[in-house]
Amino acid sequence: MDTVQQGQPEFGERYGEAVGSAYDRMAEEYDVFDAETPFLINDSRVTRATLEALRPRWEGKVVLDVGAGTGLQTAQFAPRARRVLALDLAADLLRKAREKVTGLGCRNVTFLHGDATFLPLPDGSVDFVCCYGDVIGLIPDYATAIAEMARVCRPGGTVTIEYDNKWHVGLLWRPDELARALRARGMGDKRIWTYTYLTRAERVDFIYKTYTGREMTRLLTGAGLRVVRRLGLHMASSIVPEPYQTVYKDGQPLYDTFKRIILALGRLDALLQASPGMSRVGYAAILVAEKPDSR
Ligand SMILES: C[S@@+](CC[C@H](N)C(=O)[O-])C[C@H]1O[C@@H](n2cnc3c(N)ncnc32)[C@H](O)[C@@H]1O
């Protein structure tokens, strides 16, 4: 994938293809990165606890995991759901997800290599749709992806999305993004996240679209869903500048002291996540929405 020019991020025409192949090249190291990066350790602690709290909505039911990657959330659902449909653009990540759930002894997962903007599923066929890990920020046609999630969700079912939040504490360290955020009124902007492969001398700049809470709520409402809960992630921990959150050497985070600080701040964030004021300034947020039962 081409490196984007700082200050002028655009998705470009073949962004989806580029994203799929960049993630495919990450397949062998994705889970190592996930397990070692303090930001992602904090993230998966919140997403895991959130899905656990939502378990009555998906246990024994049909779950769709949109942007399943290596199966972080799929592996949580599989032992207790009736059936899990795990969809992703990156075939090599799905191969890793398959290994993971097979290792758990689960045979109720169907892997779908495809695009979130065109879900190969009938209307109303899923009880619970999960789209975690900022997948929605990577999709240029995000409105169509949300409409698709709402379409396949049955009346009375749930759609939950994790997204990158526009206004976050870390903007203090990102003057370029702050300037763009101030220019984009009423809606989110684009955020650049640079990934340096652990196993090769290559880096890739991912462009993530950010959202305001109001904007994401509007998108979900426009697709016929009703938002019932909002949680913030990475409020306090975003005070630590981004390079210290992700820089690696020899496959390990370079700054061990920062790792400890970020993990401690993550525990503070877990206490603050439901506070309406604080959740507005997190690096990311989760919305839980229901599809009204028409009966
Ligand atoms: C940061 S990963 C998150 C994976 C997983 N949900 C997790 O939390 O570990 C983002 C994933 O979104 C997938 N993705 C991006 N755009 C997509 C699209 N249009 N349709 C399906 N998957 C997509 C990528 O291939 C990648 O696996």
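Whatever position you read off the sequence shown (first residue = 1), add 1213 for this note's numbering. Think of the CB as a built atom: it goes at the ideal place given N, C-alpha and C, for glycine as much as any other residue.
Residue state for F1331 is assigned as coil, using DSSP reduced to three classes. Taken from the Cβ of V1372, every heavy atom of ligand 1 lies 6 Å or farther away. The three-state reading of DSSP puts P1269 in helix, counting H, G and I together. If you draw a straight line from the Cα of R1439 to the Cα of R1413, it comes to about 44 Å.
Contact check for D1482 and M1448: beta-carbon distance about 5 Å, within the 8 Å limit, so the pair qualifies.
When DSSP states are grouped into helix, strand and coil, N1378 belongs to the strand group. Between N1255 and R1296, the C-beta gap is not smaller than 7 Å, which leaves the two residues out of contact. In this structure the region 1441 to 1458 lies against the region 1375 to 1387, because at least three pairs of beta carbons, one per stretch, are closer than 8 Å. Around the beta carbon of P1489, fewer than 16 other beta carbons lie within 10 angstroms, which makes this residue exposed. In the same chain as D1328, and ignoring 5 residues on each side of it, the C-beta atoms closer than 7 Å to its own belong to G1229, L1302, in chain order. With respect to the 7 Å criterion, F1341 and T1371 are classified as neighbours on the basis of their beta carbons. A1281 places its beta carbon 7 Å or farther from that of A1266. With respect to the 7 Å criterion, L1411 and E1242 are classified as neighbours on the basis of their beta carbons.
With fewer than 16 other CB atoms across the displayed protein chains lying within 10 angstroms of its CB, G1318 is exposed. The region 1491 to 1498 makes no contact with the region 1353 to 1368: fewer than 3 CB pairs, one atom from each, lie closer than 8 Å. By the criterion of a C-beta distance shorter than 8 Å, T1425 is surrounded in its chain by N1378, K1379, W1380, G1399, M1400, G1401, once the five residues flanking it on both sides are discounted. K1422: member of the beta strand (DSSP E) spanning 1416 to 1422, first to last residue.
Rounded to the nearest angstrom, the Cβ distance from L1306 to A1240 is 6 Å, consistent with a contact under 8 Å.
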